[in-house]
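Chains as they are written, first to last, in this note's numbering: chain G, 1 to 179; chain F, 180 to 358; chain U, 359 to 537. Notes to accompany the following structure.
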Amino acid sequence: MSSELRSLKLLLTGNPPLGRASEGDRAPVPAHRMMDNEVFSNFLLYSTVLVIKMYLLAVITGQVRLRKKAFANPEDALKHGGLQYCRTDPDVERCRRAHWNDLENILPFLFLGSIYSFLDPDPFIAWLHFFIFFVGRIIHTIAYLVKLRAPIRSVAYTIAQFPCVSMALQILWEVIDTW
Amino acid sequence: MSSELRSLKLLLTGNPPLGRASEGDRAPVPAHRMMDNEVFSNFLLYSTVLVIKMYLLAVITGQVRLRKKAFANPEDALKHGGLQYCRTDPDVERCRRAHWNDLENILPFLFLGSIYSFLDPDPFIAWLHFFIFFVGRIIHTIAYLVKLRAPIRSVAYTIAQFPCVSMALQILWEVIDTW
Amino acid sequence: MSSELRSLKLLLTGNPPLGRASEGDRAPVPAHRMMDNEVFSNFLLYSTVLVIKMYLLAVITGQVRLRKKAFANPEDALKHGGLQYCRTDPDVERCRRAHWNDLENILPFLFLGSIYSFLDPDPFIAWLHFFIFFVGRIIHTIAYLVKLRAPIRSVAYTIAQFPCVSMALQILWEVIDTW
């Protein structure tokens, strides 16, 4: 059994595979365990900021709806001047596409990153995964909202996908390695 | 190191930071640990019911499509009377917007709530976070489906966001507190 | 307290409820713990492949956009021949609906499956849950993309929902069982 796998098992079971029998081989690696935590803390930092970014995007969408007077629901339009404002608007649709793309990418990252953090990755390599994804997604949102010329948005999207695919493959590798 | 942080570390590593050395200071707090579990159980109750609510929304959308004869795909329309029924319908779109809004809000809640549950929050305060979100989202869905007058839906949405932002900030605070 | 619940508590707290007092009754079940891990490994296999499938769907959507010359953003259309290509296309919309449906179903599965894996389910029953969902979602995507006749897609969707609802109810059952 690889040490990475044992580390995952330990996390999942909350105790070593053979009761306390393996305590002896665990005692010398407390710093190593702390490193694991450092990776997850790091992940939590970037992922939580990205969730807040998604919330901000929802606020921005609402503001654009009010400013452009373009509401999705008749009841909202009625409250803001009349049914004629129940309509679509290119800027509102743009915000919604940015948000949609976040759902497609940031939500799976929350899952993959959580699992990957406990595969005992090298802390720097792990940080690089999270950081590249984070920067890629921030640039993606900015490129969408301020209409940066193509292909800036697509490139940011693609770059942010690399760490995701890398984490997914490493998770699969760990799973297959168990058999 | 704060006790909240130690609690998170303990969860993440599955063993105390210094092997069994810190067992002494952990032994007296079993009830405290159980409280942690109580918070997560509580979170699981509300989050799972909200996931079931999302599934119900999908069923409702399907029923409205059948009743209004408004299908998104030609192959579905063909099966239910002809290609002329491959069309949009305001009530179907309303269901889809309600569902979209759930994806934007309930899915990040599943992540934030899971992490927050292990930051050793006060059980009552934690329950309040989950309960406010839960009630806000239930009212949001009802307001959407039965077309309650504005701004009931928006107010429910906004109120449900408060515990989410609060949990996100507390997670960030814990992470930053580690450095 | 049921053994399933104790197993969940153990996971959540990282130590048994009464300090090391209950170590005695845990020592004889290491193989049982490994089974728990096996369930989660199994879950990780299917869920990660489904996440990769979602990523592939995004790539396919992009390819269809390029081939059909149908872009969502003016800046993309400009780069590929002119603003007239900022338009919708039935095949692109089809890809997006398939992706939307994945978000609605695969993302909640990531949550429910993670929790369910630690409720100490029978490994075969658990595998059956994951496998049915996996096959259902793969058929759903294929049926969407190659336009299989109705109701193949709807049947695949419905079959994939069964294990999800089953897992949700089992989670609720465990939570309610605690009180």
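Cβ coordinates follow ideal geometry from the N, Cα and C atoms, glycine included. Everything numeric in this text was worked out from a predicted model, so none of it was measured.
Under 8 Å between C-beta atoms of F/A277 and F/G315 | Taking the first residue of the second sequence as position 1, residue 277 of chain F is located at position 98. Taking the first residue of the second sequence as position 1, residue 315 of chain F is located at position 136. Not closer than 8 Å, so no.
ask   = According to DSSP, what are the bridge partners of F/C265?
value = Counting from 1 along the second sequence, the entry for residue 265 of chain F is found at position 86. Note: F/C265 sits in a beta bridge opposite F/F250.
**OP:** Verify the CB distance criterion: does F/D356 have a CB-CB separation below 8 Å to chain U?
**Re:** Translated into the one-based positions of the second sequence, residue 356 of chain F becomes position 177. Among the CB atoms of chain U, none fall inside 8 Å of the CB of F/D356.
* Under 8 Å, do U/C453 and U/L424 count as touching if we go by C-beta distance? -> Reading the third sequence from its first residue, position 95 is the one you call residue 453 of chain U. Reading the third sequence from its first residue, position 66 is the one you call residue 424 of chain U. No, the pair does not count as a contact, with Cβ atoms beyond the cut-off.
Quick check: U/L548 and G/E104, are their CB atoms within less than 8 Å of each other? Residue 548 of chain U is absent from the structure shown; chain U starts at 359 and stops at 537.
Whole-Å CB distance - U/P466 paired with F/M233, under 8 Å assumed = Position 108 of the third sequence, counted from the start, is the residue given in the question as residue 466 of chain U. Position 54 of the second sequence, counted from the start, is the residue given in the question as residue 233 of chain F. Confirmed, Cβ separation roughly 7 Å.
Of the listed residues G/V59, G/F43, G/V51, nearest to G/L145 (C-alpha basis)
By one-based count along the first sequence, residue 145 of chain G stands at place 145. That would be G/V59, whose Cα lies nearest to the Cα of G/L145.
**Prompt:** Hey, does F/E217 have any beta-carbon neighbour from chain G nearer than 8 Å?
**Reply:** One-based indexing of the second sequence puts residue 217 of chain F at position 38. So, not an interface residue.
#### Entry: F/F312 versus F/W306 - alpha carbon distance
For this step, residue 312 of chain F is matched to residue 133 along the second sequence. For this step, residue 306 of chain F is matched to residue 127 along the second sequence. For F/F312 and F/W306, the distance between alpha carbons rounds to 10 Å.
How would you label U/F520, buried or exposed, when you count the other beta carbons within 10 angstroms and need 16 or more for buried? For the purposes of this step, residue 520 of chain U is taken as residue 162 along the third sequence, with counting starting at 1. Answer is exposed; the Cβ neighbour count stays below 16.
- Helix, strand or coil for G/G81 per DSSP? Taking the first residue of the first sequence as position 1, residue 81 of chain G is located at position 81. Note: G/G81 maps to coil in three-state DSSP.
Notebook entry, point to check: What whole-angstrom Cβ distance do G/Y85 and G/A77 have, given they're in contact under 8 Å?
Noted result: Mapped onto the first sequence, residue 85 of chain G falls at position 85. Mapped onto the first sequence, residue 77 of chain G falls at position 77. With 8 Å as the limit, G/Y85 and G/A77 qualify as a contact, their Cβ atoms being about 4 Å apart.
Open item on the list: Against chain U, does F/G198 count as a neighbour if the rule is that its beta carbon must be under 8 Å from one of theirs?
Closed with: Taking the second sequence and counting its residues from 1, one reaches residue 198 of chain F at position 19. With a pLDDT of only 34 at F/G198, under the threshold of 50, the placement of this residue in the model should not be trusted, and no figure is reported.
Output yes if chain G places a C-beta closer than 8 Å to the C-beta of U/V493; else output no.
Against the third sequence, residue 493 of chain U aligns to sequence position 135. Judged by the 8 Å Cβ criterion, U/V493 is not in contact with chain G.
Check: Listing by chain order, which chain F residues have their CB less than 7 Å from the CB of U/K505?
Finding: Counted from its first residue, the third sequence places residue 505 of chain U at position 147. For U/K505, the residues of chain F that pass the 7 Å Cβ criterion are E254, in the order they occur in the chain.
Between which residues of its own chain and U/I464 is the CB-CB distance below 6 Å, once the five residues before and five after are set aside?
By 1-based counting over the third sequence, the position of residue 464 of chain U is 106. Within the same chain, and ignoring the five residues on either side of U/I464 in sequence, the residues whose Cβ sits closer than 6 Å to its Cβ are L408.
DSSP on G/L45, reduced to helix/strand/coil? Position 45 of the first sequence holds residue 45 of chain G. Judged by DSSP in its simplified three-state form, G/L45 adopts helix.
query = At a CB-CB cut-off below 9 Å, which residues of chain U make contact with F/I317?
reply = Position 138 of the second sequence, counted from the first residue, corresponds to residue 317 of chain F. In chain order: nothing, as chain U lies at least about 16 Å away.
| query | According to DSSP, is U/D449 helix, strand or coil? | reply | Within the third sequence, the letter at position 91 stands for residue 449 of chain U. In this structure, U/D449 counts as helix in the three-state DSSP scheme.
Next on the checklist: Quick check on the DSSP output: the alpha helix (DSSP H) that includes G/L148 runs from which residue to which?
Outcome noted: Your numbering for residue 148 of chain G matches position 148 in the first sequence. Annotation: G/L148 is outside any alpha helix (DSSP H) and is labelled neither H nor E by DSSP.
Restricting to Cα atoms, I'd like to know which of G/L169, G/Q63, G/S117 is closest to G/D91. As a position in the first sequence, residue 91 of chain G is number 91, starting the count at 1. If we check each option's Cα against that of G/D91, G/Q63 comes out closest.
Q. For F/I355, is the classification buried or exposed, using 16 other Cβ atoms within 10 angstroms of its Cβ as the cut-off for buried?
A. The count along the second sequence starts at 1 and reaches residue 355 of chain F at position 176. For F/I355, the number of other beta carbons within 10 angstroms of its own is below 16, and it is reported as exposed.
- Query: Which residues, in chain order, does the segment 470-495 of chain U contribute to contact with chain F at a C-beta distance below 7 Å?
  - Reply: Those residues of the segment 470-495 of chain U that come within reach of chain F (Cβ to Cβ, closer than 7 Å) are L470, I473.
So is G/W100 buried or exposed if we call it buried at 16+ other beta carbons inside 10 Å?
-> If you number the first sequence from 1, residue 100 of chain G lands on position 100. Here G/W100 is buried. Its C-beta has 16 or more other C-beta atoms within 10 Å.
- Query: Which chain G residues are close to F/V344, counting only those with a beta carbon under 9 Å from its beta carbon?
  - Reply: For the purposes of this step, residue 344 of chain F is identified with residue 165 of the second sequence, where counting begins at 1. Per Cβ cutoff of 9 Å: I52, Y55.
Euclidean distance between Cα positions of F/S296 and U/I473 = The residue you call residue 296 of chain F lines up with position 117 of the second sequence. The residue you call residue 473 of chain U lines up with position 115 of the third sequence. Just so you know, the alpha carbons of F/S296 and U/I473 end up roughly 14 Å apart.
- In chain U, which residues lie with their C-beta within 7 Å of the C-beta of F/S220? Position 41 of the second sequence, counted from the start, is the residue given in the question as residue 220 of chain F. Identification of chain U residues near F/S220 by a Cβ-Cβ cut-off of 7 Å yields V533, T536, ordered along the chain.
- Query: CA-CA distance, G/K48 and F/L262?
  - Reply: Mapped onto the first sequence, residue 48 of chain G falls at position 48. Mapped onto the second sequence, residue 262 of chain F falls at position 83. As written in the sequence, residue 48 of chain G is Thr, which differs from the Lys given in the question. A straight-line Cα-Cα distance of about 45 Å links G/T48 and F/L262.
Roughly how many whole angstroms lie between the Cα atoms of U/F488 and U/N400?
Working through the third sequence from its first residue, we reach residue 488 of chain U at position 130. Working through the third sequence from its first residue, we reach residue 400 of chain U at position 42. U/F488 and U/N400: Cα-Cα distance of roughly 8 Å.
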